[in-house]
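See below for the structure under consideration.
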Amino acid sequence: MRPSLPKGVRDFLPEQVAKRNFIFDTIRSVFIKYGFRPIETPVMEKLSTLTGKYGEEGDRLLFKVLNNGDYLKKADPSALEAKDSTKLIPSISKRGLRYDLTVPFARFVVQHQNEIAFPFKRYQIQPVWRADSPQKGRYQEFYQCDVDVVGSDSLMYEAELVRIYDEVFAALNVPVKIKVSNRKVLAGMAEAAGISDQFMEMTMAIDKLDKIGEQGVRNEMGNRGIDAIAIDKVMTILEVKGLEELEPYFKDSEIGLKGIEELRTFHQYFDLEEAKNEVSFDITLARGLNYYTGCIFEVAAKGVEIGSIGGGGRYDDLTGVFGMKGVSGVGVSFGAERIYDVMQELDLFPKKDRSALEILLIAFDAPTHLKAFEWVGALRKAGIRADLYPTPAKLKKQMKYADASKVPFVGLLGGQELENSTISLKNMETGAQQNINLEDLINKFRP
RNA sequence: GUGUGUAUAGCUCAGUUGGUUAGAGCGCCGGAUUGUGGUUCCGGAGGUCGCCAGUUCAAAUCUGGUUACGCACCCCA
Numbered sequence: 034m035r036p037s038l039p040k041g042v043r044d045f046l047p048e049q050v051a052k053r054n055f056i057f058d059t060i061r062s063v064f065i066k067y068g069f070r071p072i073e074t075p076v077m078e079k080l081s082t083l084t085g086k087y088g089e090e091g092d093r094l095l096f097k098v099l100n101n102g103d104y105l106k107k108a109d110p111s112a113l114e115a116k117d118s119t120k121l122i123p124s125i126s127k128r129g130l131r132y133d134l135t136v137p138f139a140r141f142v143v144q145h146q147n148e149i150a151f152p153f154k155r156y157q158i159q160p161v162w163r164a165d166s167p168q169k170g171r172y173q174e175f176y177q178c179d180v181d182v183v184g185s186d187s188l189m190y191e192a193e194l195v196r197i198y199d200e201v202f203a204a205l206n207v208p209v210k211i212k213v214s215n216r217k218v219l220a221g222m223a224e225a226a227g228i229s230d231q232f233m234e235m236t237m238a239i240d241k242l243d244k245i246g247e248q249g250v251r252n253e254m255g256n257r258g259i260d261a262i263a264i265d266k267v268m269t270i271l272e273v274k275g276l277e278e279l280e281p282y283f284k285d286s287e288i289g290l291k292g293i294e295e296l297r298t299f300h301q302y303f304d305l306e307e308a309k310n311e312v313s314f315d316i317t318l319a320r321g322l323n324y325y326t327g328c329i330f331e332v333a334a335k336g337v338e339i340g341s342i343g344g345g346g347r348y349d350d351l352t353g354v355f356g357m358k359g360v361s362g363v364g365v366s367f368g369a370e371r372i373y374d375v376m377q378e379l380d381l382f383p384k385k386d387r388s389a390l391e392i393l394l395i396a397f398d399a400p401t402h403l404k405a406f407e408w409v410g411a412l413r414k415a416g417i418r419a420d421l422y423p424t425p426a427k428l429k430k431q432m433k434y435a436d437a438s439k440v441p442f443v444g445l446l447g448g449q450e451l452e453n454s455t456i457s458l459k460n461m462e463t464g465a466q467q468n469i470n471l472e473d474l475i476n477k478f479r480p
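Below you can see the structure in the form of structure tokens.
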């Protein structure tokens, strides 16, 4: 049979894994520094935990796991008869793959509320699955790096999370613009335009501003049934540059003013230290997810057309659906896959691979192979990433292997070297070669 | 869910109006070279042309179906 992968998933070669780990390690180290603790949740959740949390579209994109055993025996006969897949699902599938990390986290918090201390700060770096049709930069399996705080509505955390963004992207050397807004400001806009009941339609249209332009947003709102006068009003407010300018529009909108106040409090905390990246209020920032209720964030890479590489915000009642009311959360997510693409395009990955082999030993015959195995053990003991070709095969073959493996150094061990207790150390890039004893060899790599 | 494209060697791809034994480059194996890779030369292995039908004297090539994967839309990271 011809080996291949199902659509939307990928293998990673060692060099890719090294690069991906560089991103994950950088993110993780910043999370830890800010006092966040790791948790892990299972690949599978109960389907009942997942369904209905991501909208109708989301339900369709959930991967469902078929029940074990003779699952058709318990299948809903009427749904089976009618060939109604949607209705059939609950009777043949009780589990699904997680679609994001936020809903499982909400479940986790409710379930373990007596074992954790609030405010609870957690981070989670795990893959998620979506049955979306894949295309460039979009996969059915991808990693999310989430960091959230639950159990406090202090705006200090908003400032802290934006600082994490700032610090991570500075550490990765990726120049970004961090956009900040507040869902209450958007609610104020809807109120000012007299379309509070069409808040969702409005935000979804605004969310596309970057992509479809001003006229596109007007059309989108029109298509979604918002009247022309309200559209004009919304577009006028979108022109606003700062919070002061915005305030007059919200004279009669309590929620709008509350949004402005929250943003000001956020800035009081955040502005105590200068940011390394551009951080700015962006009134056109909307974020599609409708569970956000307060501050919202989005990160865009500078100089690369790729969309957002991170986003997040405040949600007042995430655990509510699991029966735990009034617990506020705020969190942000890093789009690791897209960060990878940006770093690849801008050539930002470190040249030196800290997980790659440093030296390969090559032996000429059986006695030297035995000696070389002793050497490779000594090198490893000294913390040097070393390996030995498994047989004293033809030099050409061994050298070719070294070349293909991109090992920077090769240590050759033949009869002469055995006699002098040295090896011939060859620099694979320059071709230069020198005889060296074990002690000097170790010092060369770990001085 | 909608639209659209692709499928030939391990990989990337040629393959003429349908016509002998389906090719190239790279990779792989062996040799030139029994103590030296990345350059060169020589030789070799490797294919159910995605799958199933149909048209035809004859199909990788034309037609229909099917499966897989890609790209775009919706949506999203």
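When you number the first sequence by my numbering, it's gap-free, plus one each residue, and the end is 480.
We put the CB at the ideal spot given by N, CA and C, even for glycine.
Computed from a predicted structure; not experimentally measured.
Looking at C-alpha atoms only, which residue of the options is the closest neighbour of residue i?
| i | options | result |
| --- | --- | --- |
| Asp374 | Pro39, Thr135, Ile56 | Ile56 |
| Glu452 | Glu462, Ile469, Lys439 | Ile469 |
| Gly359 | Gly368, Asp349, Ser366 | Asp349 |
| Leu394 | Ser388, Lys244, His402 | His402 |
| Leu38 | Gln49, Gln173, Val142 | Gln173 |
| Thr129 | Asn101, Glu234, Gly255 | The residue asked about is misnamed: residue 129 is Gly in this sequence, not Thr. It is Asn101. |
| Pro484 | Asn54, Val143, Arg43 | No statement about residue 484 is possible, as the shown extent of the chain runs from 34 to 480 and does not include it. |
| Pro400 | Gln449, Phe367, Tyr104 | Gln449 |
| Glu378 | Ala465, Ser454, Val207 | Val207 |
| Tyr324 | Ala139, Ile149, Arg61 | Ala139 |
| Leu351 | Val143, Tyr282, Thr59 | Val143 |
| Met376 | Lys169, Ile339, Ser388, Met357 | Ile339 |
| Thr119 | Asp92, Asp186, Lys241, Asp103 | Asp92 |
| Met432 | Gln301, Ser454, Gly464 | Gly464 |
Does the Cβ-Cβ distance between residue i and residue j come in under 8 angstroms?
| i | j | result |
| --- | --- | --- |
| Ala419 | Leu412 | yes |
| Gln159 | Leu121 | no |
| Gln146 | Asp179 | no |
| Ile372 | Leu113 | no |
| Ile239 | Ala319 | yes |
| Pro152 | Val182 | yes |
| Val337 | Glu200 | no |
| Ile228 | Leu271 | no |
| Cys328 | Asn215 | yes |
| Phe397 | Leu474 | no |
| Ser361 | Ala51 | no |
| Ile72 | Phe367 | no |
| Leu276 | Arg297 | yes |
Report all residues from its chain with a CB closer than 7 angstroms to the CB of residue i; omit the five preceding and five following residues, and keep chain order.
| i | result |
| --- | --- |
| Ser286 | Gly221, Glu224, Ala225 |
| Phe69 | Lys154, Arg155, Tyr156, Val180 |
| Arg171 | Asp165 |
| Arg479 | Ala415, Gly416, Ile417 |
| Glu8 | Look at the range of the chain in this structure, 34 to 480, and you will see that residue 8 is not part of it. |
| Tyr87 | Tyr132 |
| Ala263 | Ala226, Gly227, Ile228 |
| Val26 | In this structure the chain extends from 34 to 480, so residue 26 is not present and cannot be described. |
Just checking my contact of residue i with residue j at CB under 8 angstroms: how many whole Å lie between their CB atoms?
| i | j | result |
| --- | --- | --- |
| Ile293 | Val195 | Rounded, the Cβ-Cβ distance is 17 angstroms, inconsistent with contact. |
| Lys107 | Ser124 | 6 angstroms |
| Ile456 | Phe330 | Going by Cβ atoms, the distance from Ile456 to Phe330 rounds to 55 angstroms, so no, they are not a contact pair. |
| Leu94 | Arg163 | 5 angstroms |
| Val250 | Ser313 | Rounded, the Cβ-Cβ distance is 20 angstroms, inconsistent with contact. |
| Leu458 | Gly444 | 5 angstroms |
| Gly363 | Gly344 | Inspection of the sequence shows that residue 363 is occupied by Val rather than by Gly. Actually they do not touch by this definition, with Cβ atoms about 12 angstroms apart. |
| Lys79 | Val209 | Actually they are not in contact, since the Cβ atoms of Lys79 and Val209 sit about 37 angstroms apart, beyond 8 angstroms. |
| Ile245 | Glu253 | 7 angstroms |
| Leu188 | Glu295 | 6 angstroms |
| Asp386 | Glu148 | With 8 angstroms as the limit, Asp386 and Glu148 do not qualify as a contact, their Cβ atoms being about 40 angstroms apart. |
Identify every residue that forms a DSSP beta bridge with residue i.
| i | result |
| --- | --- |
| Asp179 | Gln157, Ser366 |
| Asn470 | Thr455 |
| Gly344 | Glu331, Ser366 |
| Ser313 | Lys212 |
| Glu174 | Trp162 |
| Lys79 | Arg128 |
| Lys97 | Gly129 |
| Ala150 | Answer is none; Ala150 lacks a bridge partner. |
| Pro71 | Tyr156 |
| Gln168 | Arg171 |
| Gly88 | DSSP output for Gly88 lists no bridge partner at all. |
| Ile395 | Leu445 |
| Ala419 | Ile392 |
Give me, in chain order, the residues of the same chain whose beta-carbon lies closer than 8 angstroms to that of residue i; leave out the 5 immediate sequence neighbours on both sides.
| i | result |
| --- | --- |
| Leu390 | Arg418, Ala419, Asp420, Ser438, Val440 |
| Ala203 | Lys309, Asn310 |
| Met268 | Glu247, Val250, Arg251 |
| Arg462 | Per the sequence presented here, residue 462 reads as Glu, with Arg not at that position. Correct list, in chain order: Pro441. |
| Thr84 | Asp92, Leu95, Gly129 |
For residue i, which residues in the same chain have their Cβ closer than 6 angstroms to its Cβ, ignoring the five residues on either side in sequence?
| i | result |
| --- | --- |
| Tyr503 | This structure leaves residue 503 out entirely; the chain is present only between 34 and 480. |
| Gln231 | Ile259 |
| Gln466 | Ser457, Lys459 |
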